[in-house]
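Protein chains in written order, with the UniProt record's numbering: chain A, 1 to 189; chain B, 1 to 189; chain C, 1 to 189; chain D, 1 to 189. In this text, a Cβ means the ideal position worked out from N, Cα and C, and glycines have one as well. Remember, it's a predicted structure, so these values are computed and weren't measured experimentally. Structure, as structure tokens:
Number of protein chains: 4
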Amino acid sequence: MTQHVKDRRAVLLAEAASLFRKKGFPRTTVRDIASAVGLQSGSLFHHFATKDDILFAVMEDVIAVITENMLDALAETETPRQKVRALIRTELEAIHGASRDAMTVLVFEWRHLSPARQKEILVLRDQYEALWLTGLAQAAQAGLTVVESFTLRRLLVGSISWTVNWFDPDGPMSLDDLAEQILNTALKT
Amino acid sequence: MTQHVKDRRAVLLAEAASLFRKKGFPRTTVRDIASAVGLQSGSLFHHFATKDDILFAVMEDVIAVITENMLDALAETETPRQKVRALIRTELEAIHGASRDAMTVLVFEWRHLSPARQKEILVLRDQYEALWLTGLAQAAQAGLTVVESFTLRRLLVGSISWTVNWFDPDGPMSLDDLAEQILNTALKT
Amino acid sequence: MTQHVKDRRAVLLAEAASLFRKKGFPRTTVRDIASAVGLQSGSLFHHFATKDDILFAVMEDVIAVITENMLDALAETETPRQKVRALIRTELEAIHGASRDAMTVLVFEWRHLSPARQKEILVLRDQYEALWLTGLAQAAQAGLTVVESFTLRRLLVGSISWTVNWFDPDGPMSLDDLAEQILNTALKT
Amino acid sequence: MTQHVKDRRAVLLAEAASLFRKKGFPRTTVRDIASAVGLQSGSLFHHFATKDDILFAVMEDVIAVITENMLDALAETETPRQKVRALIRTELEAIHGASRDAMTVLVFEWRHLSPARQKEILVLRDQYEALWLTGLAQAAQAGLTVVESFTLRRLLVGSISWTVNWFDPDGPMSLDDLAEQILNTALKT
DNA sequence: AATGAATGAGTCTTCATTCAT
DNA sequence: AATGAATGAAGACTCATTCAT
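Take a look at the structure:
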């Protein structure tokens with residue numbers, strides 16, 4: 001039973017994320033989401049009290065997942081260069097793998113989350129960003145970086161997020177290739 | 001008289017761009033725009049037939065402006081490095097200067113433009129992007145780039161556009177500094 | 001339950017037909033219709049997607065009813081004169097009886113139905129008109145008619161429809177009387 | 001000058017009538033009319049104070065014309081049969097000739113004229129209808145009619161008006177033929 | 001939990017009319 | 001007379017949310 005409940009919530013959030021990504025949050029209707037999971041519009045409100053709650057849940061879930069994945073990935077690294085590669089690589093995987101929709105939503109639908117909820121997410125986001133800043137700081141200390149860490153992270157957020165708009169994981173360039181290219185822009189070669 | 005008409009159109013588009021940027025296109029109402037320029041909502045349709053037309057005009061205008069600015073800037077350069085610096089610098093100026101709102105809208109509200117209108121803008125956008133690709137190709141031939149030109153441009157679109165979300169031109173880092181940092185990620189030092 | 005749904009739809013269409021007849025389709029607002037059945041304007045769209053759909057439903061329903069009634073009436077006739085009398089009489093009953101509003105709308109609001117929907121109704125209308133043409137052709141073969149069948153039907157459409165604007169079924173002239181008078185204009189006495 | 005003024009008014013009313021007939025009064029916008037005569041929407045109000053005034057003028061003019069034409073036509077008749085033929089023939093000419101649009105508007109847009117204006121037109125209409133009733137009464141006295149005069153006129157209004165929806169003056173049936181057919185329905189043969 | 005009818009505020013758009021130039 | 005920008009009320013339609021069943 002608990003399993004079923006979890007499944008349904010997960011399916012619902014996955015469909016919602018997909019729609020939010022495709023059409024944007026404001027253009028996605030509660031009816032769209034409901035019918036994507038085989039419900040009537042009214043029934044959705046037994047699972048989430050408001051549309052805003054759905055957006056929040058999508059973001060909250062994905063940030064937890066990527067933070068965990070990132071910790072796992074970093075745990076297997078040793079050198080600063082390996083760490084930065086893992087940071088880039090793991091974020092790319094999140095953006096082009098299973099959590100693609102939710103990751104995209106996290107970045108590009110941010111403004112549509114209510115301010116109160118933004119604050120909550122920011123706490124989690126800061127934890128995640130701390131992993132990045134730590135990794136980049138180590139690379140900086142090792143004299144590897146090309147730009148000051150804080151600025152570098154901002155530039156990387158932009159270039160990595162934007163790949164969702166052009167990079168095709170099934171195309172000629174592999175995700176590893178892409179990670180390597182981005183690494184080249186971030187660190188001295 | 002002609003001046004007045006031009007002014008009014010320009011003011012209207014500027015206010016619309018500002019609102020689209022702040023709230024997003026779907027969340028910006030026609031009333032918002034009208035009242036921002038001191039009109040009743042119905043009067044707006046004397047100037048633009050649909051809300052979509054306004055978005056289109058914002059984008060069309062700004063792409064014309066940035067293309068012209070870019071041509072001017074490139075005309076004053078000689079070496080490949082100078083050219084890439086000009087590309088970055090001019091795009092940053094557009095994003096943080098007078099056309100900030102419209103530039104941001106061009107990038108981040110793209111999806112909300114009707115497909116028919118997207119096609120029209122894409123023609124103009126391709127002309128603009130050709131300037132970039134030419135410049136980067138020259139740098140590549142000179143052995144300066146860190147990444148293949150096409151990929152590099154995509155990464156730069158992301159990092160440069162994203163600066164709108166964090167860079168403050170009145171802060172400690174100047175726009176020239178920022179341009180130089182981005183140049184460092186793009187070219188060998 | 002199904003009964004309720006049917007009732008509600010029927011009531012809604014009846015009220016809509018009444019309003020369309022009284023004020024014409026363009027002058028009838030969706031709010032008029034909604035409040036006539038005790039709904040808010042937005043709730044109407046739970047039942048019909050567009051105002052045009054309502055007009056269509058009114059017409060589709062009434063043409064089905066009159067076709068059925070006509071078949072019943074014709075089934076009880078034998079001679080050509082009886083058939084023509086039944087055609088006139090039944091159409092008059094539709095125009096002045098329970099389906100008065102819808103019949104009038106079918107004739108006089110025709111132009112306001114969307115072209116696509118007009119095509120759909122025309123299929124049904126042709127089936128109905130075939131009953132008339134068959135009946136009149138038989139009368140013609142019996143040497144009873146005063147005018148060629150096709151023309152005669154056109155003239156009768158006009159005179160019969162127009163009765164809605166002047167004939168009062170509760171007045172001194174009965175509907176049977178009226179039918180007889182029209183019969184006199186159509187056939188040799 | 002006076003000529004010009006008259007011309008402009010006449011052209012304007014002709015275009016308005018054409019539009020009212022084609023699209024119906026409510027669906028015809030003041031802009032439609034203005035642009036049909038090469039004016040801007042605001043300029044129309046130098047000629048007519050309201051849209052209702054235009055409809056009124058169309059109707060008033062055409063009823064004056066047809067009354068005059070009818071008087072002329074009747075003046076040339078002698079026998080009752082000739083008179084009824086002239087009544088039918090002249091009304092058909094009005095409906096399919098130069099004043100077709102205005103005549104159609106008079107009949108089918110009647111409901112959209114403001115009640116106050118309807119009263120004014122009714123006075124003129126009664127004068128016109130008196131010609132019909134007189135003519136039919138004479139035919140009745142001569143034992144020619146098939147139906148009581150008042151009823152007969154009503155039936156004829158319907159069938160004659162309706163010809164606008166199906167009769168093509170350039171088709172195989174001439175207007176004289178049509179008039180003769182209608183005469184056959186109205187009088188004993 | 002699910003339904004689906006209902007709500008009601010809100011959206012874009014239309015349009016007859018006004019009025020300064 | 002003509003213009004055309006502006007008005008503002010009204011129109012069809014949308015949609016997150018509620019609630020009785």
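Spell out the partners DSSP gives residue i in its beta bridges.
| i | result |
| --- | --- |
| C:T145 | C:L187 |
Along the chain, where does the alpha helix (DSSP H) that runs through residue i open and close?
| i | result |
| --- | --- |
| D:V164 | No alpha helix (DSSP H) holds D:V164; DSSP gives it neither H nor E. |
| C:R85 | 80-96 |
| D:E68 | 51-75 |
| B:R100 | 100-108 |
Can you give me the C-alpha to C-alpha distance between residue i and residue j, rounded to a whole angstrom?
| i | j | result |
| --- | --- | --- |
| C:Q141 | C:S43 | 54 Å |
| B:S168 | A:I160 | What sits at residue 168 of chain B in the sequence shown is Asp, not Ser. Distance between the alpha carbons of B:D168 and A:I160 is about 21 Å. |
| D:Q181 | D:M103 | 21 Å |
| C:L124 | D:E15 | 35 Å |
| B:T2 | B:V37 | Confidence at B:T2 is low in this model, with a pLDDT of 49, below 50, so the placement of that residue is unreliable and no value is reported for it. |
| A:G24 | A:S114 | 15 Å |
| B:P26 | B:H112 | 8 Å |
| D:F47 | A:T28 | Phe is not the amino acid found at residue 47 of chain D; the sequence shown has His there. The straight-line gap from Cα to Cα measures roughly 50 Å. |
| B:N165 | A:R154 | 9 Å |
| A:L175 | C:R9 | 57 Å |
| C:W132 | C:W110 | 20 Å |
| D:E120 | D:L106 | 13 Å |
| C:L156 | D:E148 | 17 Å |
| A:R85 | A:A179 | 7 Å |
| D:D101 | C:I88 | 30 Å |
| C:L71 | C:Y128 | 9 Å |
| D:V146 | D:D52 | 40 Å |
| C:A75 | C:S99 | 21 Å |
| C:T151 | C:V62 | 24 Å |
| D:S35 | D:L19 | 11 Å |
| B:R117 | B:D126 | 14 Å |
| B:V11 | B:V65 | 16 Å |
| B:A137 | B:I95 | 24 Å |
On the three-state DSSP scale, how would you describe residue i?
| i | result |
| --- | --- |
| D:L131 | helix |
| A:R27 | coil |
| B:S174 | coil |
| D:L48 | Inspection of the sequence shows that residue 48 of chain D is occupied by Phe rather than by Leu. Coil, per DSSP. |
| D:L19 | helix |
| B:L113 | coil |
| C:T2 | Because C:T2 carries a pLDDT of 49, less than 50, the predicted location of this residue cannot be relied on, and the following value inherits that uncertainty. Helix at C:T2. |
| B:R8 | helix |
| B:G38 | coil |
Task: Residues of the stretch 149-172 of chain A with Cβ closer than 9 Å to any Cβ of chain B, in chain order - done: Within the stretch 149-172 of chain A, contact with chain B at the beta-carbon level (separation under 9 Å) is assigned to T151, L152, R154, L155, L156, V157, G158, S159, I160, S161, W162, T163, N165, W166, F167.
Open item on the list: So if I threshold CB-CB distances at 7 Å, which residues from the stretch 10-30 of chain B count as touching chain A?
Closed with: From the stretch 10-30 of chain B, only G24, P26, R27 have a Cβ closer than 7 Å to chain A.
Open item on the list: To be precise: take each residue of the stretch 72-84 of chain A, compare its Cβ to all Cβ atoms of chain B, and keep it if any distance is under 8 Å. Which residues remain?
Closed with: For chain B, none of the residues of the stretch 72-84 of chain A brings a beta carbon within less than 8 Å of one of its beta carbons.
Task: the stretch 175-188 of chain C: positions lying closer than 7 Å to chain D by Cβ - done: Answer in chain order: Q181, I182, N184, T185, A186.
Task: Residues, ordered as in the chain, of the stretch 90-122 of chain B that lie near chain A by beta-carbon distance below 8 Å - done: Listed by position, the residues of the stretch 90-122 of chain B near chain A (Cβ gap below 8 Å) are F108, R111, H112.
TODO: Please list the residues of the stretch 126-150 of chain C that have a C-beta atom closer than 7 Å to any C-beta atom in chain D, keeping them in chain order.
DONE: Among the residues of the stretch 126-150 of chain C, those with a Cβ less than 7 Å away from any Cβ of chain D are V146, V147, in the order of the chain.
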